[in-house]
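One structure is given below, encoded as structure tokens.
So this is what it looks like as structure tokens:
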């Protein structure tokens with residue numbers, strides 16, 4: 012029986028990162044993957060959908076430029092969309108596969124091995140690898156990291172054939188644009204796909220939202236702007252709607268909605284996409300044989316910082332039940348290895364997680380938003396600057412959006428969070444994320460020399476407003492610049508002359 016210091020089950024972003032970090036410690040590592048290296052983050056998730064989003068944005072931008080001057084609308088075929096997405100997937104897949112092969116070839120001391128197959132626990136130290144050809148290989152591992160990822164959640168009593176009623180696993184494999192599409196779920200993923208298909212302009216999009224606002228976890232000024240842009244692109248949003256049924260009829264989709272006031276709608280569309288969350292991939296893993304306990308969200312971690320109830324078994328990425336993001340999966344995978352082999356004692360922090368929502372406009376976030384601050388009863392100062400006051404946004408003719416930074420309501424003005432919505436939003440939050448991680452105030456960033464013209468100059472001007480030394484005064488440009496304090500739900504403008 013082969014013996015390894017570490018076995019990693021699952022070669023998605025989290026598992027791959029964990030295996031590579033263990034190599035840094037000079038440990039013997041086996042990486043097991045039953046399907047495709049890269050996981051959903053590559054094939055049916057972040058890379059595929061964001062490639063499609065980038066292309067849809069280009070189509071939208073071209074049409075906004077040419078239609079306004081009377082020129083014919085630009086269109087791109089679904090075949091061309093698929094070609095672009097597949098090229099992006101191939102590039103990344105090629106990197107992964109070449110890296111693994113060369114790593115194995117160069118590992119003369121057999122420090123690393125990649126195995127294709129289904130990993131299954133025999134006990135807490137023994138894993139069987141079931142091959143596609145029926146053969147079974149058994150290995151021993153001192154430690155195991157579970158990084159099996161997740162799959163789209165499905166509705167009970169709903170036939171998901173991935174052709175007419177689809178999840179994110181099937182939406183990229185259609186033969187053509189659907190003439191009409193209903194998306195069940197108005198969270199980030201649902202709104203992202205609504206944005207993409209409405210940008211292409213070939214599909215009538217319907218979005219089912221159980222709440223009274225899309226993106227209900229975000230502040231109203233964010234969700235309102237995104238929602239209005241979707242409506243302007245022709246998206247129909249069913250607010251406060253309960254889905255009574257969703258079924259295939261005559262090769263199409265019929266769905267029925269009910270509302271709190273007793274109304275009901277029955278609508279027929281060509282296709283449907285479910286975007287209602289994800290569930291852990293655990294089929295065949297047989298964690299019970301190793302004694303690993305489950306929770307409602309996934310594998311039970313509790314406060315043990317990636318470690319399960321079995322001391323030598325860890326869970327990372329979507330399997331941990333925390334934040335289902337590629338960057339956090341990679342971070343958890345590396346952190347688990349550092350705990351195992353590097354005696355790392357620092358607890359992994361989720362306070363400064365940076366996220367991007369590929370909407371219209373792009374949304375970037377780090378730390379707390381206003382809703383979360385008020386819910387926690389925090390006394391804060393908030394500064395908000397519209398893109399219309401940023402030179403780079405004016406130059407790009409992309410002035411829709413704003414920066415919003417939240418700090419503690421004291422002399423230190425420690426940064427609690429930031430929200431950015433608009434062009435290049437994701438490029439603007441990293442310095443703020445670093446200050447949050449370092450538990451710093453705002454002075455260092457406010458006094459830096461920022462490149463001009465750049466979107467991040469807006470961040471600097473926001474911080475200058477808090478320090479009462481801004482170029483533009485919020486008391487003058489009241490519609491575009493806001494600076495206020497909030498305590499116990501009561502907000503007071505901080506307007507100075």
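Residue numbers (our numbering): 12 to 508. Glycine included, each C-beta is placed from N, C-alpha and C at the ideal position. In this text, all values refer to a predicted model and were calculated from it rather than measured experimentally.
Quick one: residues in its chain with C-beta nearer than 7 Å to the C-beta of residue 167, no 5 flanking neighbours on either side, listed in chain order? Locating residue 167 in the chain shown gives position 156, where the first residue counts as 1. Within the same chain, no Cβ atom closer than 7 Å to the Cβ of residue 167 is found once the five residues on either side in sequence are excluded.
At the level of alpha carbons, what is the spacing between residue 301 and residue 28? In the chain shown, the residue the question calls residue 301 occupies position 290. In the chain shown, the residue the question calls residue 28 occupies position 17. Between residue 301 and residue 28, the C-alpha separation is close to 23 Å.
Give the single residue among 317, 372, 321 and 370 whose Cα lies nearest to the Cα of residue 345. Taking the first residue of the chain shown as 1, we reach residue 345 at position 334. The residue with the shortest Cα to Cα distance from residue 345 is 317.
Kindly indicate the opening and closing residues of the alpha helix (DSSP H) around residue 97. One-based indexing of the chain shown puts residue 97 at position 86. From DSSP, the alpha helix (DSSP H) with residue 97 extends over 89-117.
On a Cα-Cα basis, can you pick out the residue from 94, 283, 252 and 259 that is closest to residue 274? For the purposes of this step, residue 274 is taken as the residue at position 263 of the chain shown. Cα-wise, what sits closest to residue 274 is 252.
Does the beta-carbon of residue 288 have 16 or more other beta-carbons within 10 angstroms, so that it is buried, or is it exposed? Mapped onto the chain shown, residue 288 falls at position 277. Exposed, by the Cβ-count rule.
Spell out the partners DSSP gives residue 63 in its beta bridges. Reading the chain shown from its first residue, position 52 is the one you call residue 63. Residue 63 is not bridged to any residue.
Going by the CB atoms, is the gap between residue 393 and residue 439 shorter than 8 Å? Numbered from 1 along the chain shown, position 428 holds the residue referred to as residue 439. Numbered from 1 along the chain shown, position 382 holds the residue referred to as residue 393. Cβ distance not < 8 Å, so residue 439 and residue 393 don't count as in contact.
Would you say the stretch 27-45 touches the stretch 342-359, given that touching needs at least three Cβ pairs under 8 Å? yes
Quick one: Cα of residue 292 to Cα of residue 129, how far? For the purposes of this step, residue 292 is taken as residue 281 along the chain shown, with counting starting at 1. For the purposes of this step, residue 129 is taken as residue 118 along the chain shown, with counting starting at 1. Near 11 Å, if we compare the C-alpha coordinates of residue 129 and residue 292.
Nonlocal neighbours in the same chain, by C-beta distance under 8 Å from residue 115, ignoring five residues either side: Taking the first residue of the chain shown as 1, we reach residue 115 at position 104. Excluding the 5 residues flanking it on each side, residue 115 has same chain C-beta neighbours closer than 8 Å at 123, 124 and 125, in chain order.
Straight-line gap, residue 157 to residue 136 (C-alpha atoms, nearest Å): If you number the chain shown from 1, residue 157 lands on position 146. If you number the chain shown from 1, residue 136 lands on position 125. Between residue 157 and residue 136, the C-alpha separation is close to 13 Å.
DSSP beta-bridge partners for residue 215? On the chain shown, residue 215 is found 204 positions in, with the first residue counted as 1. In the DSSP output, where bridge partners are listed per residue, residue 215 has 191.
Would you kindly work out how many angstroms separate the C-alpha atoms of residue 271 and residue 501, rounded to a whole number? Taking the first residue of the chain shown as 1, we reach residue 271 at position 260. Taking the first residue of the chain shown as 1, we reach residue 501 at position 490. If you take the alpha carbons of residue 271 and residue 501, they lie about 31 Å apart.
What is the rounded straight-line gap between the Cα of residue 360 and the Cα of residue 351? Working through the chain shown from its first residue, we reach residue 360 at position 349. Working through the chain shown from its first residue, we reach residue 351 at position 340. When rounded, the distance between both Cα atoms is 17 Å.
Pairwise C-alpha distance: residue 441 and residue 508: The residue given as residue 508 occupies position 497 in the chain shown. The residue given as residue 441 occupies position 430 in the chain shown. At residue 508 the pLDDT is 45, less than 50, meaning the model places this residue with poor confidence; the figure from the coordinates comes in the next sentence. Straight-line Cα distance between these residues: approximately 31 Å.
Taking three-plus beta-carbon pairs below 8 Å as touching, is the stretch 405-414 in contact with the stretch 426-435? yes
By the three-class DSSP mapping on this structure, what secondary structure does residue 395 have? Position 384 of the chain shown, counted from the first residue, corresponds to residue 395. Strand, per DSSP.
At which residues does the alpha helix (DSSP H) containing residue 352 begin and terminate? Stepping through the chain shown from its first residue, residue 352 is reached at position 341. Counting along the chain, the alpha helix (DSSP H) containing residue 352 begins and ends at 337-353.
Going by DSSP, what residues sit across from residue 284 in a beta bridge? Mapped onto the chain shown, residue 284 falls at position 273. Answer is 177 and 194.
Quick one: measure Cβ to Cβ for residue 25 and residue 328, integer angstroms, because I've assumed they're closer than 8 Å. Counting from one through the chain shown, the residue named residue 25 turns up at place 14. Counting from one through the chain shown, the residue named residue 328 turns up at place 317. Right, the Cβ-Cβ distance comes to about 3 Å (below 8 Å), so this counts as a contact.
7 Å Cβ shell around residue 477 - same chain, five flanking residues per side excluded: Taking the chain shown and counting its residues from 1, the one referred to as residue 477 is at position 466. Excluding positions up to five away in sequence, the list reads 392, 394, 418, 424, 453 and 494.
Can we say the stretch 95-102 touches the stretch 61-77, given the rule of at least three CB pairs closer than 8 Å? As far as the Cβ criterion goes, the stretch 95-102 touches the stretch 61-77, which means the pair count is three or higher.
Scan the stretch 446-481 and note each continuous alpha helix (DSSP H) run of 4 residues or more that stays entirely inside, going in chain order. 454-458 and 468-477
Closest to residue 386 by C-alpha separation, out of 45, 18, 412 and 229, would be which residue? Position 375 of the chain shown, counting from 1, holds the residue named residue 386. Per the Cα distances, 229.
Helix, strand or coil for residue 373, going by three-state DSSP, please let me know. Position 362 of the chain shown, counted from the first residue, corresponds to residue 373. In the structure shown, residue 373 sits in coil (DSSP, three-state: anything other than H, G, I, E or B).
Suppose the cutoff is 6 Å on Cβ atoms and the five residues either side in sequence are ignored; what does the same chain contact list for residue 214 look like? Within the chain shown, numbered from 1, the residue matching residue 214 stands at position 203. So the list reads 188, 189, 192 and 208, once near-sequence residues are dropped.
Would you identify the three-state DSSP class for residue 270, choosing helix, strand or coil? Your numbering for residue 270 matches position 259 in the chain shown. In this structure, residue 270 counts as coil in the three-state DSSP scheme.
Apart from the five residues on each side of it in sequence, which residues of its chain come closer than 7 Å, Cβ to Cβ, to residue 113? Residue mapping note: residue 113 aligns to position 102 of the chain shown, counting from 1. In its chain, beyond the 5 residues on either side, no residue has a beta carbon closer than 7 Å to the beta carbon of residue 113.
Assess contact between the stretch 197-208 and the stretch 356-371, defined as three or more Cβ pairs (one per stretch) separated by less than 8 Å. Is contact present? Yes: at least three Cβ pairs fall under 8 Å.
Taking the alpha helix (DSSP H) that residue 52 belongs to, which residues open and close that run? Within the chain shown, numbered from 1, the residue matching residue 52 stands at position 41. First-last of the alpha helix (DSSP H) with residue 52: 50-53.
Rank 179, 183 and 210 by C-alpha distance to the C-alpha of residue 285 and give the top, closest one. Start at 1 with the first residue of the chain shown, and residue 285 comes out as number 274. When only C-alpha atoms are compared, the closest one is 179.
So, for residue 277: in the same chain, excluding its five sequence neighbours on each side, which residues have a beta-carbon less than 6 Å away from its beta-carbon? Along the chain shown, one-based indexing puts residue 277 at 266. Counting only Cβ-Cβ distances below 6 Å, and skipping sequence neighbours, we find 267.
Residues bridged to residue 204 by DSSP? Sequence index remark: in the chain shown, residue 204 carries index 193 (1-based). Residue 204 pairs with nothing; no bridge assigned.
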